[in-house]
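**Q**
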Amino acid sequence: MMKKTNRALKKIDTSQAGFILEPPVLRAKKQAWFSALILDFLLLASAISGTVLIFFSVFPLAVDFWVLGAMLLFFTLFFTVAFVFPKPGNLLVLFFAVLYCLCTYLLRAELAQGLILCVNQVIERLNDLLGSHFLLYVTEVSDYSTQRQRCTLFVLFMLTAFLCLLAWVVIRKKSTLPAFLLTFPLPLILLNFTPYPLIFLLFLIFWLVLFIGALGDKKAKDRLKKEISVHYLESGHRSVRSRLLWLPLLICLTAALSLFFSRYEPRQPQILNHWRTQVTEAVQTLWTGGASITPYGATLDRADLTQGGHISFSGETALRVKATSPAPMYLKGFTGSVYTGFSWEPLPDSSFSEISAAVPDSSLLNLSAQLDTAILQRHNTQFIQRTSYQELSLQNIRTNQKTIYFPYFLSTTPQNLPQGQFVSDHFIRSPLPLGSATYRLEALSLGLNRKSRDMSAAFFLENGRWETENYFQNTQVISLNSTEALEHFYCAPVSDTLLLQLDGEARALMELETAYSRFAYEHYTTLPDNLKNKLRSYLQTHFMQFVPDASKNVNLSLDAIVTAIQTMVQTSAAYTLSPGTPPDGRDFVDYFLFENRQGYCVHFASAAVALLRAYGIPARYAEGYIITNEEIQQAQPDGWMNIPDSKAHAWAEYYLPGTGWVPLEATPGYTTAPGNTGVVQSPAPSSVTSEPAPSSASMESSPAASVSSLPATDSFSPTAQEVSTPTAAEGAKPADFLPIVIFLLILLIPLSLIFIRHFIAVRRFQQLLQAEDTNKSLLKMHQKLVGLLSYAGLREPDFTQELAQKARYSAHKITPEEQKALYDFYQKTAREYEQTLPAWKKLLFRYWHHYR
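Using numbering that gives the first Met the number 0, the letters of the sequence shown map in sequence onto residues 0 to 851.
Here it is as structure tokens:
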């Protein structure tokens, strides 16, 4: 463009002049290369990061994100340097093209495998999203590590080529429309699927910079045509874009606003008292790509018990679950092992060094399922194939996508779950930066009413006769004062005589289970000393009140002890969603049991775990979601069940040797009465008024197939108190306005840019009056005046032309009075012309063209 203009200037006839001048030459003002490099790098990084994030939030391919991210960062910088500096950049691009073609040829087999693997994962995800049944391609790569390498290689090759093309269009060609067409289709298509709509802001900022830069180019070209005598002209594209370095701050601003309007976080009524906690949790949520594990506030590795003053639910879908044999079940997302008095936390990794070495090829999380499978396969292989397993497909909709929710008796191994990382015996977390939106699990289905001793009976059935020794020792005397009996029950559950009769896998699993049972007794019976002594005293005084009369004169089984503690907790306090918070420094369980005596499932579950541990029974705290008959009956035709956030729940679990971890329901409104499948409302203490419990669908236990396991007489049904929905009195929550806020924010960003541009332009024009170089400042004023007169279709007066020629060619300095005269003329002309315009043109005149 500039070369063509300079050739036109050479055609100017200067023969009639009294002296001959060289034709004026237009030169673009050079910009500092460092600022151009930084700006182009940020611009390119926003586009490629937005592309990667929005794609992988919908299609979580099995790739190594650390390698992929590092390589993309390198190539973003590489292409920025290559296209900012044309001469050395051309050689760099040529070198890259040769190397790219060579690597493509040498790695063609690996790239082809990566293509097939990625396509299969995309098809599998589309089948889940759309309910379609597209067929997958056959691949010979079965090892997950190899699959991950192939997928990473293929994705890197594709994104590198895309990045090179985008950098050429944006930096070298400065073409707005092609850049927009390259980046617009993907977010437009995937926006309806991604759980992270704020990723779209990366593209919005990228497009705004391109759009404003294009406007700067157009204005610069128009000025070239009209002002042929200007010797130096600032490059419009670069000058405008250089003023947009602060645009990435909009990302931080938008993210900060989104933290307070996230629909996934629990809402506390006293915002001023808890703002610090909310911001901390929200920042963690931002980095993990999701929300809390449940609305009760458990994060990926901690359940804070001090912030539960009030809990409410939006009623929106949190999970979607599809099961081959739908049945009521628990889906666990967090397990708390260490009680601090204020929180539940996992055991440190150092505690598992010895036990983990014994499980090299599997995980402690599916140890019980492996043992149960070995037991059943010894006697009824056909039964195993037909009824004992079921598959679950899960989608995290409004939950933390770093969390993998799983049922009890999980049989899926770490090798079969690439989206999950098994964390000791606690939980499963997604290793992907944005988490896993969808995943499939397999679990052993044993039925809610299955008695724990039934499996021991099946195990000891050998050649048609029963072993006389009962593995579970349910008839053994276990009393509060007999800690030796409990220790023997957990630390030596299998006799040497029995082990000698086993061989192969069954014996190895039984020995491993024995070691883990000892581990559970050692680590999951601990409590703070003060609380443990107080609870043991409480048990000594009140425990026998909750033991059935028929059992008081006989030896207590483990089932009887657990049931008595369950009843004790359920009748010790009233259920409410607004129990208040404990005083600073006060133990959570102590305050709940002995003073406040009101709470929701988190309180009752914590108290049950503490009492079980005080008795000497290994127990843990669990949070997740429950599936009830209500969700099963309302399942969609394709089998998907929508699990609302109101089905978030907390419960206790205790360890049963040979069976594994068994969930224990301690919240009032859940029944454990024999043969009763309805909701039994527990009596509340007279000093506390319990919230009324509307009727709710009961969770009738189904022997057909369930992934949970409860004690012998348990049936499972949540009260409506746990499934409360917002009422009119509660009013709208900030989460309800999240879509509106995002929409308004997207509208406000370009408006804010326009007003900021206008403010900067007007401010700079006014500062010309205070400039020391009056000649230079007058020329800039004159340049602005010429643009105004051209826009208004007016003729420039002679005195302004004379002032401009004096400032440009004369050795005399422009006086402040002359400078002020031109400034006043400009302001008078702009004001009078603006009054003749309609309202919408006035806005353009003032805020778009900056003439006022």
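Backbone N, C-alpha and C define an ideal beta-carbon position, used for all residues, glycine too. Every value quoted in this text rests on a predicted model; they were computed, and no experiment measured them.
#1: For residue 568 and residue 42, I'd like the C-alpha separation in whole angstroms.
#2: Of all the options 812, 825 and 759, which has the alpha carbon lying nearest to the alpha carbon of residue 786?
#3: Contact defined as beta carbons within less than 8 Å: I believe residue 332 pairs with residue 343. What is the distance between those atoms, to the nearest angstrom?
#4: Who are the near neighbours of residue 586 in its chain, counting only those whose CB is closer than 6 Å to its CB and skipping five residues on each side?
#5: DSSP has residue 648 in a bridge; who is on the other side?
#6: Counting pairs of Cβ atoms below 8 Å between the region 343-355 and the region 629-640, do you hit three or more?
#7: Run the CB neighbour count on residue 815, radius 10 Å, all protein chains shown included, and call it buried at 16 or more, exposed below.
#8: On the three-pair Cβ rule with 8 Å, is the region 555-570 touching the region 505-520?
#9: Return yes when the Cβ of residue 490 is within less than 7 Å of the Cβ of residue 515, no when it is not.
#10: Is residue 793 buried or exposed, if buried means 16 or more other CB atoms sit within 10 Å of its CB?
#11: Please state if the CB of residue 820 and the CB of residue 850 are separated by a distance shorter than 7 Å.
#12: Quick check on residue 100: buried or exposed, where buried means 16 or more other Cβ atoms within 10 Å of its Cβ?
#13: Report yes or no: do three or more beta-carbon pairs, one from the region 101-110 and one from the region 48-67, lie closer than 8 Å?
#14: Report yes if the C-beta distance between residue 623 and residue 338 is below 7 Å; otherwise report no.
#15: DSSP beta-bridge partners for residue 395?
#16: Run through the region 62-133 for me and flag every whole alpha helix (DSSP H) of 4 or more residues, listed as ranges in chain order.
#17: Express the C-alpha separation of residue 542 and residue 308 in angstroms, rounding to a whole number.
#18: Using only the alpha-carbon positions, how far apart do residue 167 and residue 390 sit?
#19: Less than 8 Å between C-beta atoms, sequence neighbours within five positions excluded: which residues of the same chain meet that for residue 40?
#20: Tell me which residues share the same chain as residue 182 and place their Cβ nearer than 8 Å to its Cβ, disregarding the 5 neighbours each side in the sequence.
#21: For residue 173 and residue 750, I'd like the C-alpha separation in whole angstroms.
#22: In this structure, does DSSP put residue 705 in helix, strand or coil?
#23: Under a three-way DSSP split, which group does residue 348 fall into?
#24: Comparing the C-beta of residue 205 with each C-beta of chain D, is any distance below 7 Å?
#25: What residue range does the alpha helix (DSSP H) around residue 662 cover?
#26: Taking the alpha carbon of residue 809 as the point to measure from, which residue in 642, 778, 827 and 788 has its own alpha carbon closest?
#27: Are the Cβ atoms of residue 58 and residue 121 separated by less than 7 Å?
#28: Looking only at its chain, what residues have a beta carbon closer than 8 Å to the beta carbon of residue 415, apart from the 5 residues adjacent to it on each side?
#29: Give the straight-line distance between the Cα atoms of residue 533 and residue 617, rounded to the nearest whole angstrom.
#30: Please go through the same chain and pick out, in chain order, the residues whose beta-carbon is closer than 8 Å to the beta-carbon of residue 523, but skip the five residues on each side of it.
#31: Between residue 400 and residue 583, what straight-line distance do the alpha-carbon atoms span, to the nearest angstrom?
#32: Kindly give me the distance between the Cβ atoms of residue 316 and residue 643, rounded to whole angstroms, as I take these residues to be in contact under 8 Å.
#33: With DSSP as the reference, identify every bridge partner of residue 388, one or two as the case may be.
#34: If residue 659 and residue 366 are in contact, beta carbons under 8 Å, what's the gap, nearest whole angstrom?
#35: Does the Cβ-Cβ distance between residue 135 and residue 119 come in under 7 Å?
**A** According to the structure data:
#1: 59 Å
#2: 825
#3: With a Cβ gap of about 13 Å, residue 332 and residue 343 do not count as contacting.
#4: 340 and 530
#5: 623
#6: no
#7: exposed
#8: no
#9: no
#10: exposed
#11: no
#12: exposed
#13: no
#14: no
#15: 318
#16: 64-83, 85-105 and 107-129
#17: 30 Å
#18: 48 Å
#19: 75, 76 and 79
#20: 46, 49, 50, 165, 202, 205 and 206
#21: 24 Å
#22: Only weak support exists for where residue 705 lies, its pLDDT of 31 falling under 50; the value from the coordinates is given anyway. DSSP places residue 705 in coil when its eight states are reduced to three.
#23: helix
#24: In the displayed structure, chain D is absent; only one protein chain is listed.
#25: It is not in any alpha helix (DSSP H) - residue 662 instead sits in the beta strand (DSSP E) that spans 659-663.
#26: 778
#27: yes
#28: 441
#29: 18 Å
#30: 336, 612, 617, 618, 619 and 654
#31: 32 Å
#32: 6 Å
#33: 443
#34: 7 Å
#35: yes
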